[in-house]
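Each remark here refers to the structure printed beneath this line.
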Amino acid sequence: MKFQCGHILIFILFLTVVTYTQQIKLYGTLSPGNLIIGKVNNANVVMLDNKTLDIDTSGIFIFGFDRDAKGTYTLKVIFNNNKSVIKKIKLKKRKYKIQRINKMKQALVTPPKNALKKIKQESKMMRKARSKVGILKVPHFTQGFLMPVNDEKITGVFGSQRILNGIPKSPHNGIDLSVPKGTPVKAASGGKILIAGNKFYYNGNFVLIDHGFGLTTVYLHFNRLNVKTGQMVKKGDIIGYVGATGRATGPHLHWGAKWFNKRIDPMSLLKLKIPDIKTVITNPSADG
Ligand SMILES: [Zn+2]
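For what it's worth, numbering that gives the first Met the number 0 labels the leading residue of the sequence shown as 0, then goes sequentially.
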């Protein structure tokens, strides 16, 4: 009898441990410039420091660490039974390359005075589009991610400190994929086109996609666009064709990603394993 009871006790303990460890799962690398996908069961609230995160019906949430993020972050999960679990995340350090570009047209490094008005107008349009980030509560990113072009050569990595014609500029917030002009560019995941911009001074013809829960990706320097602002896309839909419009020295795709205003390495999206998600997006053409 005693022997059997012992077995039952061990079995119950085992069950408890399994249930507990299944409560918070994180996918991704806990270092600057990375997006993390998390999954919780039976939770009401997930917070990263003071920010409450969106959770979908299957318990999926995301968060990201900026290029320059450092230190320790606190992830707090409050479960349906009011029990809460706190997970401390200590970020690993990350080093970035220094990239020197010397062939850039001087007008694109330091814009001429007559371009300043246009640049100002464009950044206002961009801010307006970006102000909508976070409104989309459908986790379209659960479709997973793909590389937006085929047969690409990576000519610029994320986060590198750029020195254009000898002048230090802001870091490179994306990756440069060298491919021939006219190469079709696919949406890395599903979402809503927040802005399909034409002839911007720096971006050229470009597309910004909202994948939900604050995650966006941006695609710059198109020769030609294939989508319009407000349109919904699925992962793999052609959004435009590679060009060299805006601040570009030759045909390539600049691909960037952000979680809200946090700069994310798009390569980190491709490495993410999307957990067994049961989210059903019933009406992908619906607004919001
Ligand atoms: Zn670039």
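Even for Gly, the Cβ is constructed at its ideal location relative to N, Cα and C.
Inter-residue spacing [alpha-carbon to alpha-carbon] between residue i and residue j
i: isoleucine 174; j: phenylalanine 157; result: 5 Å
i: threonine 20; j: leucine 74; result: Model confidence at threonine 20 stands at a pLDDT of 43, short of 50, so the residue's coordinates are unreliable; what they give is reported in the following sentence. Threonine 20 and leucine 74: Cα-Cα distance of roughly 15 Å.
i: alanine 243; j: valine 84; result: 49 Å
i: isoleucine 118; j: phenylalanine 78; result: 47 Å
i: tyrosine 201; j: arginine 246; result: 5 Å
i: lysine 261; j: asparagine 81; result: 30 Å
i: valine 137; j: isoleucine 61; result: 12 Å
i: valine 39; j: isoleucine 134; result: 22 Å
i: leucine 269; j: asparagine 164; result: 32 Å
i: aspartate 236; j: lysine 185; result: 5 Å
i: isoleucine 36; j: isoleucine 23; result: 11 Å
i: alanine 114; j: glycine 249; result: 21 Å
i: isoleucine 194; j: glutamine 120; result: 14 Å
i: lysine 86; j: asparagine 43; result: 16 Å
i: threonine 18; j: methionine 231; result: Interpretation of threonine 18 is limited by its pLDDT of 47, a score under 50 that renders its predicted location unreliable; the figure taken from the coordinates is listed afterwards. Roughly 38 Å separates the two Cα atoms.
i: phenylalanine 199; j: glycine 229; result: 18 Å
i: leucine 29; j: lysine 112; result: 43 Å
i: histidine 210; j: phenylalanine 140; result: 5 Å
i: tyrosine 218; j: glutamine 105; result: 23 Å
i: serine 57; j: asparagine 41; result: 9 Å
i: aspartate 67; j: methionine 46; result: 21 Å
i: tyrosine 95; j: aspartate 65; result: 13 Å
DSSP bridge partner residues for residue i (one or two, in chain order)
i: threonine 73; result: Lys87
i: isoleucine 35; result: Phe62
i: aspartate 67; result: In the DSSP output, where bridge partners are listed per residue, aspartate 67 has none listed.
i: glutamine 105; result: Bridge partners of glutamine 105: none, in fact.
i: valine 226; result: For valine 226, which the question treats as bridged, DSSP gives no partner whatsoever.
i: alanine 247; result: Alanine 247 is not bridged to any residue.
i: tyrosine 26; result: Ile36
i: lysine 50; result: Leu47
i: tyrosine 95; result: Note: tyrosine 95 sits in no beta bridge, so no partner.
i: lysine 261; result: Trp258
Integer-rounded CB distance, given that residue j should sit under 8 Å from residue i
i: leucine 207; j: threonine 215; result: 6 Å
i: glycine 196; j: glutamine 142; result: Not really, about 24 Å apart at Cβ, beyond 8 Å.
i: isoleucine 192; j: lysine 227; result: 7 Å
9 Å Cβ cutoff met for residue i and residue j
i: arginine 93; j: glycine 155; result: no
i: tryptophan 258; j: alanine 187; result: no
i: glycine 70; j: leucine 90; result: yes
i: proline 183; j: tyrosine 240; result: yes
i: isoleucine 263; j: glutamine 160; result: no
i: histidine 171; j: histidine 220; result: no
i: valine 132; j: glycine 213; result: yes
i: isoleucine 153; j: serine 177; result: yes
i: aspartate 53; j: tyrosine 72; result: no
Proximity test, Cβ basis, 9 Å: residue i and chain D
i: methionine 124; result: Among the chains of the structure shown, chain D does not appear; only one protein chain is present.
Inside the segment 118 to 169 only - beta strand (DSSP E) runs reaching at least 3 residues: 152 to 155 and 160 to 163
Length at least 3, wholly inside the segment 177 to 217: the beta strand (DSSP E) runs in chain order: 183 to 185, 190 to 199 and 203 to 211
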